[in-house]
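Asks: Numbering (our numbering), first residue to last: 2 to 266.
For every residue, glycine included, the Cβ atom is placed at its ideal position computed from N, Cα and C.
One structure follows; several queries about it will come next.
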């Protein structure tokens with residue numbers, strides 16, 4: 002056998018080894034090839050993700066997504082926050098301005114402080130007492146008997162009222178339309194004794210030494226008297242006062258002898 006014949010048979014033998022020997026073998030090979038292709042296709046179509054094993058002790062901490070990046074504060078731990086002085090000062094300035102404005106409006110339209118001149122209203126007031134007076138324009142009810150009023154008297158008075166010549170503070174004892182007079186040491190209003198609840202100084206009695214002539218008050222007129230009845234510089238000396246002269250009604254004492262002292266009237 003020559004070498005060429007051997008080489009001529011080798012390819013044929015090799016081909017014969019790779020080809021199926023029978024139709025059944027061919028069918029089986031085709032089936033296996035199809036399964037292998039399907040399996041390869043399935044592996045390519047459905048990628049399998051590897052699952053990481055979590056420690057059960059840390060599962061409560063695994064709450065953030067995988068791509069979560071925590072943000073860090075630029076202020077270091079324990080470092081105090083910077084204080085802003087200007088806003089605090091601005092707020093304080095605003096509060097002071099509001100308080101001053103409220104005080105101005107309160108004094109201008111609602112209440113007014115007043116210093117009691119002289120001893121005409123002892124024992125209710127002492128000379129120099131600071132009282133609060135509600136302006137007459139905002140009084141909720143008309144002035145009643147027994148209330149204390151501050152008023153502006155006429156320019157010329159026949160007596161010295163506290164030596165100040167300014168506003169006076171006295172007590173109302175008779176109202177518009179009423180008639181007042183005195184008999185002995187008793188004051189009568191419309192024929193009935195004046196019901197005073199310890200207003201006057203008992204050392205001088207209800208009238209002192211100056212009686213009251215019978216006086217009928219006209220519209221808008223009030224008869225006023227001092228609580229110190231020995232001081233006759235009141236309506237017994239200068240007559241009734243008009244409603245238009247009344248500044249306001251005293252409601253409380255707020256200062257005495259230069260110290261804070263509070264008592265309602």
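1) Alpha carbon to alpha carbon, how far is residue 217 from residue 202? Give it in angstroms, no decimals.
2) What's the gap between the Cα of residue 93 and the Cα of residue 155?
3) Can the beta-carbon of residue 174 be found less than 8 angstroms from the beta-carbon of residue 225?
4) When the distance is taken between beta carbons, is residue 239 closer than 8 angstroms to residue 253?
5) Could you check the C-alpha separation between residue 150 and residue 89 for me, to the nearest Å?
6) Give the C-beta separation of residue 122 and residue 170 to the nearest angstrom, bearing in mind that I take them to be a contact with Cβ-Cβ under 8 angstroms.
7) Is there contact here, the stretch 129-145 with the stretch 113-120, by at least three beta-carbon pairs under 8 angstroms?
8) Could you pull the start and end residues of the alpha helix (DSSP H) that residue 257 belongs to?
9) With a threshold of 16 other CB atoms inside 10 Å of the CB of residue 39, please say whether the residue is buried or exposed.
10) With respect to the alpha helix (DSSP H) encompassing residue 236, which residues constitute its N-terminal and C-terminal limits?
11) Which residues does DSSP list as the beta-bridge partners of residue 226?
12) In angstroms with no decimal places, state the Cα-to-Cα distance between residue 158 and residue 261.
13) Using the C-alpha atoms, what's the distance from residue 193 back to residue 231?
14) Is residue 111 near residue 144, with beta carbons less than 8 angstroms apart?
15) Which residues mark the beginning and the end of the beta strand (DSSP E) in which residue 187 is found?
16) CB-CB under 6 angstroms to residue 209, same chain, minus the five flanking residues each way: which ones, in chain order?
17) Are the CB atoms of residue 190 and residue 179 nearer to each other than 8 angstroms?
Replies: So, from the listed chains and residues:
1) On the chain shown, position 201 is the one that residue 202 refers to. On the chain shown, position 216 is the one that residue 217 refers to. Those two C-alpha atoms are separated by around 26 angstroms.
2) Residue mapping note: residue 93 aligns to position 92 of the chain shown, counting from 1. Residue mapping note: residue 155 aligns to position 154 of the chain shown, counting from 1. Roughly 46 angstroms between the two C-alpha positions.
3) Here residue 174 is taken as the residue at index 173 of the chain shown, counted from 1. Here residue 225 is taken as the residue at index 224 of the chain shown, counted from 1. A contact, by the Cβ cut-off of 8 angstroms.
4) Taking the chain shown and counting its residues from 1, one reaches residue 253 at position 252. Taking the chain shown and counting its residues from 1, one reaches residue 239 at position 238. With contacts defined as CB atoms closer than 8 angstroms, residue 253 and residue 239 fail to qualify as a contacting pair.
5) For this step, residue 150 is matched to residue 149 along the chain shown. For this step, residue 89 is matched to residue 88 along the chain shown. Taking C-alpha positions only, residue 150 is separated from residue 89 by approximately 44 angstroms.
6) Position 121 of the chain shown holds residue 122. Position 169 of the chain shown holds residue 170. Going by Cβ atoms, the distance from residue 122 to residue 170 rounds to 6 angstroms, so yes, they are a contact pair.
7) As far as the Cβ criterion goes, the stretch 129-145 touches the stretch 113-120, which means the pair count is three or higher.
8) Locating residue 257 in the chain shown gives position 256, counting from the first residue. Careful: residue 257 lies outside any alpha helix (DSSP H), inside the beta strand (DSSP E) at 247-257.
9) Counted from its first residue, the chain shown places residue 39 at position 38. With a pLDDT of 47 at residue 39, under the threshold of 50, the modelled position of that residue is not reliable, and the figure given next carries that caveat. Counting Cβ neighbours within 10 Å, residue 39 comes out exposed, since fewer than 16 surround it.
10) Against the chain shown, residue 236 aligns to sequence position 235. Its alpha helix (DSSP H) spans residues 236-239.
11) Residue 226 sits at position 225 when you count from the first residue of the chain shown. Looking at the DSSP output, residue 226 bridges to 172.
12) Your numbering for residue 158 matches position 157 in the chain shown. Your numbering for residue 261 matches position 260 in the chain shown. The C-alpha of residue 261 is placed about 33 angstroms away from the C-alpha of residue 158.
13) In the chain shown, residue 231 corresponds to position 230, counting from 1. In the chain shown, residue 193 corresponds to position 192, counting from 1. Just so you know, the alpha carbons of residue 231 and residue 193 end up roughly 23 angstroms apart.
14) As a working mapping, residue 111 is identified with position 110 in the chain shown. As a working mapping, residue 144 is identified with position 143 in the chain shown. Taking 8 angstroms as the Cβ cut-off, residue 111 and residue 144 do not qualify as a contacting pair.
15) One-based indexing of the chain shown puts residue 187 at position 186. Residues 187-190.
16) Mapped onto the chain shown, residue 209 falls at position 208. Excluding residues within five positions, the ones whose Cβ falls inside 6 angstroms are 230, 231.
17) To locate residue 190, count along the chain shown from 1; it is residue 189. To locate residue 179, count along the chain shown from 1; it is residue 178. The answer is yes: Cβ separation under 8 angstroms.
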